[in-house]
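Q: Please read through the structure below; I'll follow up with questions.
2 protein chains.
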Amino acid sequence: MRFTSESSADGIVTRDFTLDGIPGVLWSPAAGPSRAPLVLMGHGGGNHKHSPAMSGRAALLVRGGGFHVAVIDAPGHGDRPRTAHDEQEIAALYAARAAGRPEGPIVVRYNAHLAEQAVPEHRAVLDALQRLPEIGADGPVGYFGLNMGTAIGVPLVAADPRFTAAVFGLHWPDALAGHARRITVPVQFAMQWDDEHIPREAALALFDAFASKDKTLHANAGRHKELPRFEANDAVPFFVRHLGSAIPGASPALT
Amino acid sequence: MRFTSESSADGIVTRDFTLDGIPGVLWSPAAGPSRAPLVLMGHGGGNHKHSPAMSGRAALLVRGGGFHVAVIDAPGHGDRPRTAHDEQEIAALYAARAAGRPEGPIVVRYNAHLAEQAVPEHRAVLDALQRLPEIGADGPVGYFGLNMGTAIGVPLVAADPRFTAAVFGLHWPDALAGHARRITVPVQFAMQWDDEHIPREAALALFDAFASKDKTLHANAGRHKELPRFEANDAVPFFVRHLGSAIPGASPALT
């Protein structure tokens with residue numbers, strides 16, 4: 001893992017890195033204990049590591065929990081090249097959208113394909129991040145990803161015992177329910193009650209599939225893209241409960 | 001409204017009051033602006049105004065939002081006398097429980113009966129509280145009640161336009177869905193995913209019935225009585241979003 005840039009603002013240190021050609025970002029508290037928990041994030045489809053959703057959630061997690069927060073570009077996203085297969089699937093998605101046909105079957109299939117490559121990539125990045133002294137190999141690790149970040153995150157968390165807790169949401173059960181049934185760590189799951197792409201019963205079925213004894217569903221009124229911004233805030237107390245706060249003197253009443 | 005006692009601890013002033021024979025409690029911040037929003041709470045069945053759930057939630061709301069928080073004993077509860085009808089219904093509930101018969105039909109029927117009396121009582125208490133200069137007649141008002149507090153609160157919020165936002169949960173749709181369809185203010189609704197008394201579909205149907213454009217369901221794994229304590233914390237940012245925080249300099253990131 002090689003750091004390629006570093007900047008600091010408002011108490012947060014932002015470092016870009018690459019690992020075997022995969023570009024990522026690591027946000028860290030500028031001050032705090034010498035070691036703190038890590039939250040690995042996954043971005044949504046068509047998005048990338050430096051999108052406002054990623055830096056916004058990272059800022060909430062660094063400030064609210066004192067965590068390190070990292071994200072990498074998914075295959076075919078951000079600074080990574082698109083394959084001919086990526087172009088084909090994206091064209092198929094746009095064609096379905098233009099024709100008013102369901103997007104679900106294409107998103108489910110394409111995201112499952114990307115997850116096959118992305119899961120080992122995330123595990124390798126986690127290996128490298130855990131070699132940093134400020135993170136360490138034995139600390140708690142969270143995962144936070146919605147949309148495509150859930151399509152990658154559910155098989156990732158099912159496969160890797162290092163994850164302590166995860167926030168998922170906004171995906172179909174088709175390719176994920178089998179993995180979800182192997183997840184036993186605490187899960188918070190977001191769905192949209194009036195999602196025009198993911199049927200209500202499908203979202204509830206994916207939440208139901210998690211084997212976790214400690215799991216929470218947050219369902220909000222509204223369509224697929226109308227997930228309220230406060231759901232990003234709601235991830236903070238969840239991770240503080242399960243990873244522990246790295247902010248000295250943080251109020252236990254908020255956990 | 002007559003205050004009968006006053007004490008102060010840890011930044012919270014606690015005042016007992018009575019209004020036309022109905023006993024209640026008002027918790028207020030010991031310091032803060034001269035006027036702040038009010039959250040009216042409703043306690044659960046078999047419980048009362050001074051139960052740990054009520055004082056615990058009040059402390060979270062006073063400390064987290066700077067709100068005034070009030071609750072009264074429901075008819076037949078706490079310091080209020082039980083009628084012969086109360087005794088009958090409670091005996092019926094215990095008999096059903098002992099025999100392993102469903103509690104739902106009795107709870108739904110008895111709580112609906114209590115709500116008929118409790119709704120005008122809560123409106124009269126709200127009239128009196130709004131005459132206090134530190135609350136005022138034109139400020140935002142929240143409602144927070146689970147279990148029987150929802151059976152009373154849903155018809156109350158449906159009937160009284162002074163309520164700005166409400167947290168409900170853990171009840172059946174039978175007597176409440178009709179009222180819920182008239183509620184348009186923001187609602188947060190808690191259910192237990194593995195509730196042995198309230199079928200999953202029944203809880204989802206009650207959430208679905210609210211006409212509010214802004215509504216959030218929090219469903220947690222676990223049985224009826226296993227609602228996680230963090231749901232009380234989760235009510236704080238909800239009310240801060242909708243009533244406004246009365247704590248100077250409170251972080252907007254938490255809203």
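Protein chains in written order, with the UniProt record's numbering: chain A, 1 to 255; chain B, 1 to 255.
Glycine included, C-beta positions come from ideal geometry on N, C-alpha and C.
Quick check: is the beta carbon of B:Asp214 nearer than 8 Å to any beta carbon in chain A?
A: yes
Q: Could you check whether the segment 149 to 168 of chain A touches the segment 31 to 42 of chain A, counting it as contact only if at least three pairs of C-beta atoms, one from each stretch, sit closer than 8 Å?
A: Contact between the segment 149 to 168 of chain A and the segment 31 to 42 of chain A is present, because at least three Cβ pairs lie under 8 Å.
Q: How would you list, in chain order, the residues of chain E whose beta-carbon sits under 8 Å from the beta-carbon of A:Arg35?
A: This model lacks chain E altogether; the protein chains it does include are A and B.
Q: Rounded to a whole number of angstroms, what is the C-alpha to C-alpha distance between A:Tyr110 and A:Gly56?
A: Distance between A:Tyr110 and A:Gly56, taken at the CA atoms: about 26 Å.
Q: Quick check: B:Ala219 and A:Thr216, are their CB atoms within less than 8 Å of each other?
A: For the 8 Å CB-CB criterion, B:Ala219 and A:Thr216 form a contact.
Q: Is A:Leu217 close to chain B? Criterion is C-beta to C-beta, closer than 8 Å.
A: It does; some Cβ of chain B falls within 8 Å.
Q: Rounded to whole angstroms, what's the CA-CA distance from A:Gly104 to A:Ile198? Just pull it up for me.
A: Annotation: A:Gly104 to A:Ile198 spans about 7 Å, alpha carbon to alpha carbon.
Q: Let me know if B:Gln188 comes out buried or exposed under the rule of 16 or more other beta-carbons within 10 Å of its beta-carbon.
A: buried
Q: Please confirm if A:Arg241 has its CB atom under 8 Å from at least one CB of chain B.
A: yes
Q: Look at A:Met148 and A:Ala74 and say whether their C-beta atoms are less than 8 Å apart.
A: yes
Q: Three or more C-beta pairs under 8 Å: does that hold for the segment 229 to 244 of chain B against the segment 18 to 29 of chain B?
A: Segments in contact, no.
Q: Taking only beta-carbon positions, decide if B:Ala180 is within less than 8 Å of chain A.
A: Cβ-Cβ to chain A under 8 Å: no for B:Ala180.
Q: Run through DSSP, which three-state label would A:Ile72 get?
A: In this structure, A:Ile72 counts as strand in the three-state DSSP scheme.
Q: My parser needs the beta strand (DSSP E) runs of 3 or more residues fully inside the segment 87 to 169 of chain A; what are they?
A: 141 to 145 and 163 to 169
Q: Counting Cβ pairs, one atom from each stretch, are 3 or more of them under 8 Å apart for the segment 157 to 168 of chain A and the segment 94 to 103 of chain A?
A: no
Q: Could you check where the beta strand (DSSP E) with A:Arg241 kicks off and where it finishes?
A: No beta strand (DSSP E) contains A:Arg241, which is instead part of the alpha helix (DSSP H) from Phe230 to Leu243.
Q: Around the C-beta of A:Arg101, are 16 or more other C-beta atoms found within 10 angstroms, so that it is buried, or is it exposed?
A: exposed
Q: By Cβ distance below 6 Å, which residues in the same chain neighbour B:Val141 in space, the five residues on each side in sequence not counted?
A: Leu38, Arg162, Phe163 and Thr164
Q: From A:Leu176 to A:Val157, what does the alpha carbon distance come to, in whole angstroms?
A: 11 Å
Q: Apart from the five residues just before and just after A:Leu227, which ones in its own chain have a Cβ nearer than 8 Å to its Cβ?
A: Excluding sequence positions up to five before and after A:Leu227, its CB lies within less than 8 Å of the CB of Leu146, Gly169, Leu170, Ala190, Gln192 and Asn220, all in the same chain and listed in chain order.
Q: Any idea if A:Gly11 is buried or exposed, counting beta-carbon neighbours within 10 angstroms, 16 or more meaning buried?
A: exposed
Q: Please list the terminal residues of the continuous alpha helix (DSSP H) segment that includes A:Pro52.
A: Pro52 to Gly65
Q: Just to make sure I have the definition right: I need the residues of chain A whose C-beta is within less than 8 Å of the C-beta of B:Ala221. Which are they?
A: Ser212, Lys213, Asp214, Lys215 and Thr216
Q: Throw me the rounded Cβ distance for the A:Lys49 and A:Val69 pair, which I believe falls under 8 Å.
A: Their Cβ separation, rounded to whole angstroms, is 11 Å, which puts A:Lys49 and A:Val69 out of contact at 8 Å.
Q: With distances taken from CA atoms, which of B:Val13, B:Ala159, B:Gly244 and B:Gly46 is nearest B:Ala31?
A: Answer by Cα proximity: B:Val13.
Q: Using CA coordinates, which residue listed in B:Lys213, B:Thr83, B:Lys225 and B:Arg200 is at the minimum distance from B:His113?
A: Closest in alpha carbon position to B:His113, among B:Lys213, B:Thr83, B:Lys225 and B:Arg200, is B:Thr83.
Q: Count the other C-beta atoms from every protein chain shown that fall within 10 angstroms of the C-beta of A:Ala115, then say buried if there are 16 or more, exposed otherwise.
A: buried
Q: Expressed to the nearest angstrom, what Euclidean distance is found between the alpha-carbon atoms of B:Glu201 and A:Gly136?
A: 44 Å
Q: Starting from the C-beta of A:His224, find all residues in its chain whose C-beta is less than 8 Å away, skip the five residues before and the five after it, and write them out in chain order.
A: Leu170, Gln192, Asp195, Glu196, His197 and Ile198
Q: Tell me, which residues are paired with A:Phe17 by DSSP?
A: A:Phe3 and A:Gly24
Q: Give the C-beta separation of A:Ser28 and A:Val62 to the nearest angstrom, bearing in mind that I take them to be a contact with Cβ-Cβ under 8 Å.
A: 7 Å
Q: According to DSSP, is B:Phe189 helix, strand or coil?
A: strand
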